[in-house]
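See below for the structure under consideration.
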Amino acid sequence: MIFRTTDSTTRPALRRVRTTTTLRPLHHRLDPARVEEIPFRAGDGVRLGLTRVDSGEPDRPAVLLLHGHTASADMFLLPETRNLVDALLDDGYEPWLLDWRGSCRLPYNETGQKYTYDDVALYDIPAAVSHIRGRIGDRPLFVVAHCIGSLTLSLSMTAGLVPGLAGVVSQGVFLTPKLAGRTSLRMSVAGELLKTRIDHIPVDFRKVGLWSKYTPLFALASRKASCPDPTCQILHNSAWGTGASLFVHEHLSEATHDRLAELLGPAPLWILPHLRRIELARSVVRWHDTDHRYRELPQNALDAAGRIDTPVLLIAGSENGLWLDSQKLCHDVLARRQPYLDVSYTEIPGYGHLDTFLGRGAALDVFGHILDFLGERR
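Residue numbering for the sequence shown follows full-length UniProt numbering, beginning at 1 and increasing consecutively.
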């Protein structure tokens, strides 16, 4: 059971939804003087978050980190373990972290104006890259991107909106998204059945309460779950109700496991039509076909892959329960269709999806592949 017995006279508190665009503070163990929070807006005026970690050395190559949808820059700064920012600083890089509009540090997944991944590719990522270039000058700029952050980056790259990157590391998915049939079916059915009742799926049962309209979703996620924590169940056992798994459970430290509701936020259902179109096409495709504001984006990023002008490392865990072997598929497809591109693929044995960054052993098992790739091209 995922529920606890409470005093019958006690009613759960009403869920509080953030409506301001003030970013939730980052959770890290760095010297605050080294962490520069930059007032930043996307190309269409939407407030985002951009953070620079001062390395103390002005000539280092810069690395932009892009989180996945409903995650945030916090996934690269875990204070309870050796994180990717630690590894980059120790290896001679200057980390930059973008909280794009899908970040759980921002309120847009629950409230505010709806968006598609076109907006992230057209407005968020190019604006961040432009700002960083203005600050670093001629120094090399790399990108390490996770999940939807990587998927939208591929659309920006094939549109020619972020030229001249020194290298890109893509984790989980890039140009050829591939979901399990069960996940795709649940995503389609759930989107249609639930869209008139809810607009997002939360992950923190403590906030929604026992008597909420979300309770059946948590109950469904708890079926056959080995972990009693409701947030873990809806993420590890269900991936917001899709039936996929976001990480290998034993790879998370107890501290990280207890922070899952902070590290990952609500998933908006109104993004599903674009995600379904992408998955059905097995390619990153543009959502807006008639709106002239998005004409810079290619209709199909895979067809425009010839515009990629930088080396790309595709990495994925061998046990990725969400995107399956999307990265291997991408490597094979590009090897046939664009053999002159510098694209390589590395599989991380025993790892899932999120644990490639959140796992307590990621510094040993994953980060070395990233640092080797960057080091060969700095």
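Idealized CB from N, CA, C, for every residue including glycine.
Identify, in the order they occur along the chain, each residue of the same chain with its Cβ nearer than 6 Å to the Cβ of residue i, setting aside the five sequence neighbours on each side.
{"i": "T116", "result": "H274 and W287"}
{"i": "E296", "result": "A159"}
{"i": "E37", "result": "T51"}
{"i": "A71", "result": "L264"}
{"i": "L151", "result": "V173 and V284"}
{"i": "G149", "result": "L66, H67 and G68"}
Let me know if residue i comes out buried or exposed under the rule of 16 or more other beta-carbons within 10 Å of its beta-carbon.
{"i": "R360", "result": "buried"}
{"i": "R336", "result": "exposed"}
{"i": "K224", "result": "exposed"}
{"i": "D291", "result": "exposed"}
{"i": "L179", "result": "buried"}
{"i": "D372", "result": "exposed"}
{"i": "L358", "result": "buried"}
{"i": "W96", "result": "buried"}
{"i": "W323", "result": "buried"}
{"i": "P163", "result": "exposed"}
{"i": "R182", "result": "exposed"}
{"i": "T310", "result": "buried"}
{"i": "D124", "result": "buried"}
{"i": "residue 379", "result": "In the structure displayed, the chain extends from 1 to 378; residue 379 sits before or after that span and is not available."}
{"i": "E57", "result": "exposed"}
{"i": "L280", "result": "exposed"}
{"i": "D318", "result": "A small correction: the amino acid at residue 318 is Ser; Asp does not occupy that position in the sequence shown. Its Cβ having fewer than 16 others within 10 Å, S318 is exposed."}
{"i": "Q171", "result": "buried"}
{"i": "F367", "result": "buried"}
{"i": "A87", "result": "buried"}
{"i": "T22", "result": "exposed"}
{"i": "Q113", "result": "exposed"}
{"i": "residue 421", "result": "Residue 421 is absent from the structure shown; the chain starts at 1 and stops at 378."}
{"i": "A304", "result": "buried"}
{"i": "R11", "result": "Note on R11: pLDDT 36, under 50, position unreliable in the model; the coordinate value appears next. Exposed: under 16 other Cβ atoms inside 10 Å."}
{"i": "residue 391", "result": "Since the displayed the chain opens at 1 and closes at 378, residue 391 lies outside it and no answer follows."}
{"i": "R4", "result": "Unreliable placement is indicated for R4, whose pLDDT of 40 sits below 50; no coordinate value is reported for it."}
{"i": "A255", "result": "exposed"}
{"i": "R206", "result": "exposed"}
{"i": "L185", "result": "exposed"}
{"i": "P107", "result": "buried"}
Using alpha carbons as the reference points, say which of the options lies closest to residue i.
{"i": "V120", "options": "P339, Y294, D303 and P349", "result": "Y294"}
{"i": "L84", "options": "A42, I370 and G375", "result": "I370"}
{"i": "L78", "options": "W240, H331, L30 and V143", "result": "L30"}
{"i": "S130", "options": "R41, D303, A71 and Q171", "result": "R41"}
{"i": "I198", "options": "D325, M187 and K213", "result": "K213"}
{"i": "T51", "options": "A128, T183 and F174", "result": "A128"}
{"i": "I278", "options": "P266, L263, P298 and L260", "result": "P298"}
{"i": "F247", "options": "A362, K114, S55 and R47", "result": "A362"}
{"i": "Y351", "options": "A33, I315 and A267", "result": "I315"}
{"i": "D138", "options": "H251, N237, S55 and P61", "result": "P61"}
{"i": "E110", "options": "P266, S222 and T152", "result": "P266"}
{"i": "A301", "options": "G321, T231, V333 and G317", "result": "V333"}
{"i": "Y340", "options": "L23, C147, Y123 and G306", "result": "G306"}
{"i": "L313", "options": "G375, I201 and R133", "result": "G375"}
{"i": "S222", "options": "S318, Q327 and A239", "result": "A239"}
{"i": "S226", "options": "S344, H236 and K328", "result": "H236"}
{"i": "I201", "options": "I271, S253 and R133", "result": "I271"}
{"i": "C330", "options": "S344, A33 and G321", "result": "S344"}
{"i": "M187", "options": "T242, K207 and L175", "result": "T242"}
{"i": "E80", "options": "G92, H257 and V53", "result": "H257"}
{"i": "T346", "options": "T176, E94 and Q327", "result": "Q327"}
{"i": "D54", "options": "P39, H69, G92 and G321", "result": "G92"}
{"i": "R133", "options": "I148, E94 and T231", "result": "E94"}
Per DSSP, which residues does residue i bridge with? Please list them.
{"i": "Q171", "result": "H146 and I315"}
{"i": "W96", "result": "R52 and L64"}
{"i": "I201", "result": "A267"}
{"i": "F40", "result": "L48"}
{"i": "V208", "result": "The partner list for V208 (beta bridge, DSSP) is empty, contrary to what the question assumes."}
{"i": "V285", "result": "N300"}
{"i": "V35", "result": "V53"}
Only counting the same chain, and skipping five residues up and downstream in sequence, which positions put a Cβ closer than 8 Å to that of residue i?
{"i": "A73", "result": "L26, G49, T51, L65, H67, L97, L98, D99, S103 and R105"}
{"i": "P126", "result": "G43, S156, L161 and V162"}
{"i": "D355", "result": "F247, V248, H251, L252, G317 and A362"}
{"i": "D325", "result": "K178 and A316"}
{"i": "A13", "result": "Unreliable positioning characterises A13 in this predicted model, as indicated by a pLDDT of 40, which lies under 50. The coordinate reading is nonetheless provided below. Contacts found: G209."}
{"i": "D75", "result": "Asp is not the amino acid found at residue 75; the sequence shown has Met there. Taken in chain order, the residues that qualify are H67, G68, H146, L263, L354, F357 and L358."}
{"i": "I348", "result": "I315, A316, G317, S318, T356, D365, V366 and H369"}
Near residue i, what residues of its chain come up, given a Cβ to Cβ distance below 7 Å and the 5 sequence neighbours on each side ignored?
{"i": "I136", "result": "A62"}
{"i": "L165", "result": "L141, F142, V143 and T310"}
{"i": "I308", "result": "M157, T158 and L341"}
{"i": "R47", "result": "T21 and R41"}
{"i": "D118", "result": "R286, W287, H288, Y294 and L297"}
Kindly say whether residue i, judged by its beta-carbon, lies nearer than 9 Å to any beta-carbon of chain C.
{"i": "L329", "result": "Protein chains in the displayed structure number just one, and chain C is not present."}
Return the chain-ordered ranges of every alpha helix (DSSP H) run that is complete within the stretch 116-166 and spans a minimum of 4 residues. 125-136 and 148-158
Whole beta strand (DSSP E) runs in the stretch 325-353 with 3 or more residues, listed along the chain? 343-348
Hey, which unbroken runs of the alpha helix (DSSP H) at 4 residues or more fall wholly within the stretch 231-266? 254-258 and 260-263
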